[in-house]
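With the numbering used here applied, the sequence shown covers 1 to 481.
Glycine residues also receive a C-beta, built at the ideal position from the N, C-alpha and C atoms.
Let me begin by presenting the structure, written as structure tokens, before commenting on it.
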Amino acid sequence: MFSASLSNGHYPSSPPPPTCLYTILPHLLLLLLPLPLPPFSRLPLHQTQASTSISLSTDIQVCFLFIGYSYCCCYFRSFKILCCLSIKESTNDNQITPQEPSSPPKNNLRVVLAAGGTGGHIIPAVAIADELRVSNPNIEILFIGTPNSMESTSIPSAGYPFTSIPPVKLFRPLVSLENLSLPIHLIHSIIHSFKLLKEFDPHVVIGTGGYVSFPTCLAALLQRTKIVIHEQNSVPGIANYVLSYFSHLVFLSYNSTIECFPKKHNCLVTGNPVRVSLRQFVSRAVARLEFFPMAGEEAKVILVLGGSLEANAINIALLNVYSQMLLEHKDWYIIWQTGVESYNEMESLVRNHSNLVLKPFLHSMDLAYAAADLIVSRAGAMTCSEILATGKSAILIPSPDVAEGHQFKNASLMADVAGTRVITEDELDSTTLGTAIEEILGDDALRAEMSERALRAAKPDASAQIAQHILSLVESSAKRK
1 MFSASLSNGH YPSSPPPPTC LYTILPHLLL LLLPLPLPPF SRLPLHQTQA
51 STSISLSTDI QVCFLFIGYS YCCCYFRSFK ILCCLSIKES TNDNQITPQE
101 PSSPPKNNLR VVLAAGGTGG HIIPAVAIAD ELRVSNPNIE ILFIGTPNSM
151 ESTSIPSAGY PFTSIPPVKL FRPLVSLENL SLPIHLIHSI IHSFKLLKEF
201 DPHVVIGTGG YVSFPTCLAA LLQRTKIVIH EQNSVPGIAN YVLSYFSHLV
251 FLSYNSTIEC FPKKHNCLVT GNPVRVSLRQ FVSRAVARLE FFPMAGEEAK
301 VILVLGGSLE ANAINIALLN VYSQMLLEHK DWYIIWQTGV ESYNEMESLV
351 RNHSNLVLKP FLHSMDLAYA AADLIVSRAG AMTCSEILAT GKSAILIPSP
401 DVAEGHQFKN ASLMADVAGT RVITEDELDS TTLGTAIEEI LGDDALRAEM
451 SERALRAAKP DASAQIAQHI LSLVESSAKR K
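Structure (structure tokens):
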């Protein structure tokens, strides 16, 4: 019901054009003041996670601080001089115009993707770009991220042009001295994004999250460029919630997330795009040859994922139980990704064992998932989507350090749709982890049920759906350019 108007090609129109960046920025920022904040106090958490709910009063204080400070900065004389970038065509020497040969051919469709920070934001963006390129080989794609970051290396490795803008980081707690300079950094980043978009002249900007997405999408709004965002988590963060007011399309991973957004008619539940390699079939036997060539057909494999942002609590819990577990179960095997920073410590503490593979980072995730019977991991949005896509049983330990309690909500939803076991970090130790592993690996019927439920909840064609809607939006925009 929410996508009826979109499927007929009736996309929301763009806002009227501003005349000068420094005159529109303060009013744009002031628009954020009356916007209701996302309903963080109504999160679908377990009762044990009540302490992780976010205080709305704190968020409101931050909004007042942010908007008031930004307003002052925007009207400061030196900032006026810096920001006076005319959007209208003029003969002024300071006018920002597309420069050859960096400017793409004007007859091609042009798309900008803003993504960064973690693999959970980068992988969906690359999957969408891959699908767009398959659908339209002549499309021009540009990725925007931050310098010296994960995306600065992974995006070029994926074969896409990459450029960066100054990073904007929101520190926790929200009311802190570190956030006093946030408005200046945000406006600085918007200006750089504005210049890049002015030069590349995209038909649409796609934000998949991370600190880079918010300023890039705001710059797109200033240029009347169509905006599309994708929310990977079950409940949106503040940035995507605000951007949804200005976005033409909001792609969601879960049905329940629709209720968290104010403009439901723009929302489309497509799922979360996963790595292309995970959508290609790899047999379990072939995958296990990569890790355990001597494992028999009855072997059971546990895949432990430290994640791109580490999961030291998981490492410690497993460290205290793995030896006894492998001693009692000769046909059990462990693929253990410790995380880069924890690897040296874990390597010094873990004894060599033929049934255990210890890695700082797994590059062949398709083989690791295919080989596994059980996943033990944090509850990041991308990991949850990959568990569903591969139909695996899982034990999730949500991180308490992730902003706005996203991982608790993701884990709660995974428990509902796929029967995933959830262990909080307060509950996590060698006993609780070992008991949960024994329960699942010791019950073939339970694993089969969890796998079936996961596959039913998966959306393997997420990237294709997203690409189809984006191309329709881009083509309608291109006809007016």
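Where residue i falls, given that 16 or more other Cβ within 10 Å makes a residue buried
i	result
Asn410	buried
Ala372	buried
Met231	Note on residue identity: the sequence assigns Glu, not Met, to residue 231. Buried, because 16 or more other Cβ atoms sit within 10 Å of the Cβ of Glu231.
Ala287	buried
Ser451	buried
Asn266	buried
Asp130	buried
Leu349	exposed
Ser181	exposed
Arg275	buried
Thr431	exposed
His469	buried
Leu471	buried
Val474	buried
Pro183	buried
Lys226	buried
Arg351	exposed
Residue i (DSSP reduced to helix, strand or coil)
i	result
Ile440	helix
Leu113	strand
Glu425	coil
Glu475	helix
Leu170	coil
Thr163	strand
Val274	coil
Leu362	coil
Cys217	helix
Pro183	helix
Gln223	coil
Val286	helix
Asp130	helix
Ile258	helix
Lys459	coil
Thr118	coil
Ser399	coil
Ile466	helix
Phe201	According to the sequence shown, residue 201 is Asp rather than Phe. Correct three-state label for Asp201: coil.
Pro156	helix
Gly405	helix
Nearest neighbour of residue i, chosen from the options [CA to CA]
i	options	result
Ile229	Pro147, Val235 and Val205	Val205
Ala285	Ile227, Ser152, Ala368 and Cys260	Ala368
Leu109	Gln223, Tyr241, Pro137 and Leu388	Pro137
Phe143	Leu396, Ile123 and Ser135	Ile123
Gln407	Phe361, Thr208, Asp331 and Gly237	Gly237
Leu278	Ser476, Ala370, Ala457 and Lys169	Ala370
Ile395	Leu221, Val304 and Gly271	Val304
Lys359	Thr435, Leu268, Phe291 and Arg224	Phe291
Val321	Pro183, Leu132 and Ala436	Ala436
Pro167	Leu177, Met150 and Tyr160	Met150
His188	Phe214, Ser476 and Glu347	Phe214
Ala445	Gly419, Ile423, Asp426 and Ala464	Gly419
Gly145	Arg133, Pro161 and His185	Pro161
Asp426	Lys330, Pro156, Glu259 and Ile397	Ile397
Proximity below 8 Å, CB of residue i to CB of residue j
i	j	result
Val112	Phe200	yes
Ile165	His203	no
Gly490	Gly380	It is not possible to answer for residue 490, since the shown part of the chain is limited to 1 through 481.
Phe261	Ser234	no
Ala311	Val212	no
Ala457	Val417	yes
Thr270	Ile466	yes
Ile482	Ser393	No answer is possible for residue 482: the residues shown for the chain start at 1 and end at 481.
Val318	Trp336	Per the sequence shown, the amino acid found at residue 318 is Leu instead of Val. In contact: Leu318 and Trp336 (Cβ atoms closer than 8 Å).
Thr338	Asn355	no
Ser342	Gly306	yes
Ala454	Leu362	no
Ala256	Leu413	It should be pointed out that residue 256 corresponds to Ser in this sequence rather than to Ala. Yes, they are a contact pair.
Asp366	Gln280	yes
Met294	Gly434	no
Gly210	Asn240	no
DSSP bridge partner residues for residue i (one or two, in chain order)
i	result
Cys267	Val250
Val228	Ile206 and Leu249
Leu196	DSSP, once it has assigned bridges, lists no residue as partnering Leu196.
Tyr241	The partner list for Tyr241 (beta bridge, DSSP) is empty, contrary to what the question assumes.
Ala394	Ile375
Gly145	Ser164
Glu140	Arg110
Tyr333	Val301
Val357	Ile335
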